[in-house]
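Novice: Have a look at this one before I ask anything.
In the numbering used here, the protein residues as written are 5 to 79.
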């Protein structure tokens with residue numbers, strides 16, 4: 005894995021990151037409708053995160069809005 009320095013922080017991050025939006029699964033919007041990814045399983049998501057770490061990925065893109073914070077809970 006190749007790494008780069010993140011700005012002036014001195015942090016070394018992998019050139020390839022893991023996007024966590026699919027980990028969020030479905031969540032409920034204000035109007036009551038459901039939105040997001042279907043078919044995601046927390047166990048599979050955890051296995052994916054571990055495999056990414058084994059391959060040297062240390063940059064994970066997540067946000068509170070991904071499943072109302074579910075992707076962060078899984079991590």
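Positions of the beta carbon are idealized from the N, C-alpha and C atoms, including for glycine.
Would residue 71 and residue 40 be called neighbours here (beta carbons separated by less than 7 Å)?
Specialist: For the purposes of this step, residue 71 is taken as the residue at position 67 of the chain shown. For the purposes of this step, residue 40 is taken as the residue at position 36 of the chain shown. Closer than 7 Å, so yes.
Novice: Alpha carbon to alpha carbon, how far is residue 37 from residue 51?
Specialist: Your numbering for residue 37 matches position 33 in the chain shown. Your numbering for residue 51 matches position 47 in the chain shown. Between residue 37 and residue 51, the C-alpha separation is close to 29 Å.
Novice: DSSP state of residue 28, grouped into three classes?
Specialist: What you label residue 28 is simply residue 24 of the chain shown in a count that begins at 1. Here residue 28 sits in helix by DSSP.
Novice: Quick one, which of 12, 9 and 77 has its alpha-carbon nearest residue 67's?
Specialist: As a working note, residue 67 is residue 63 in the chain shown. Minimum Cα distance to residue 67 is reached at 77.
Novice: In terms of residues, what are the limits of the alpha helix (DSSP H) holding residue 61?
Specialist: For the purposes of this step, residue 61 is identified with residue 57 of the chain shown, where counting begins at 1. Looking at the DSSP string, residue 61 is not in any alpha helix (DSSP H), and its letter there is neither H nor E.
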